[in-house]
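J.: Under the UniProt record's numbering, the sequence shown is numbered contiguously, ending at residue 119.
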Amino acid sequence: MIGTHPDVVRADFQRFYGLNIDYLGDGLNIRRAADLAANLPLNASIWKVFDERATWSTEAYLLAEIADAVSFNAWTKTKAAQSNGKWKSSIIRPGQESAGNTEKTGSMNPDDLLTALYG
Numbered sequence: 001m002i003g004t005h006p007d008v009v010r011a012d013f014q015r016f017y018g019l020n021i022d023y024l025g026d027g028l029n030i031r032r033a034a035d036l037a038a039n040l041p042l043n044a045s046i047w048k049v050f051d052e053r054a055t056w057s058t059e060a061y062l063l064a065e066i067a068d069a070v071s072f073n074a075w076t077k078t079k080a081a082q083s084n085g086k087w088k089s090s091i092i093r094p095g096q097e098s099a100g101n102t103e104k105t106g107s108m109n110p111d112d113l114l115t116a117l118y119g
């Protein structure tokens, strides 16, 4: 983790443990740092690097499930549902393929963003 994403690990160690890993070796040995890194909480930024689904918290997933359930329940009362229509308005989760019913609102390459901000 530290070899490929040192900035993310550094930020997580500071955020969760209050430790500066730049001083690794002085007050923090390698074995302890590895133990701490392996046991970072689920909401640590490093897990988002490895799995896109980790960008949402458990609470966000539960809220999306609730919203989908309420939406589906309301949809079942419509004419489309009565005529065997297909329900397709679930919330897209991170890492989930789009069903084609969402609209992309925009994105920017990080290099283009830096150019736009700093010229």
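By construction, the Cβ of each residue, glycine as well, lies at the ideal position given by its N, Cα and C atoms. Everything numeric in this text was worked out from a predicted model, so none of it was measured.
So what's Gly-40 in DSSP terms, helix, strand or just coil?
T.: For the record, residue 40 in the displayed sequence is Leu; it is not Gly. The answer is coil: DSSP assigns Leu-40 none of H, G, I, E or B.
J.: Here's the rule I'm using: 16 or more other beta-carbon atoms within 10 Å means buried, otherwise exposed. How should Ala-74 be labelled?
T.: exposed
J.: Counting only the same chain and skipping the five closest in sequence on each side, list residues whose C-beta sits under 8 Å from that of Ile-46.
T.: Met-1, His-5, Val-8, Val-9, Asp-12, Ala-37, Leu-40
J.: Below 8 Å on the Cβ atoms is my contact criterion, and I expect Arg-53 with Arg-93 to pass it. Report the Cβ-Cβ distance as a whole number of Å.
T.: 7 Å
J.: Let me know the alpha helix (DSSP H) ranges lying completely inside the segment 63-102, each 4 residues or longer, listed in chain order.
T.: 79-82
J.: Name the two residues that bound the continuous alpha helix (DSSP H) containing Ser-57.
T.: Counting along the chain, Ser-57 falls outside any alpha helix (DSSP H), and DSSP gives it neither H nor E.
J.: Using a Cβ-Cβ cut-off of 7 Å (strictly less than) and excluding sequence neighbours within five positions of Arg-67, which residues of its own chain qualify?
T.: It should be noted that the sequence gives Ala, not Arg, for residue 67. The beta carbon of Ala-67 lies closer than 7 Å to those of Ile-91 in the same chain, with the five residues before and after it left out.
J.: Nearest-angstrom Cα distance between Lys-79 and Glu-65?
T.: Distance between the alpha carbons of Lys-79 and Glu-65: 23 Å.
J.: Within its chain, find whatever has a CB closer than 7 Å to the CB of Lys-104; leave out the 5 residues flanking it on each side and keep chain order.
T.: Here Lys-104 scores only 49 on pLDDT, less than 50, and its place in the model should not be relied on; the value that follows carries that caveat. Correct list: empty, nothing qualifies.
J.: Just checking my contact of Trp-87 with Phe-72 at CB under 8 Å: how many whole Å lie between their CB atoms?
T.: 6 Å
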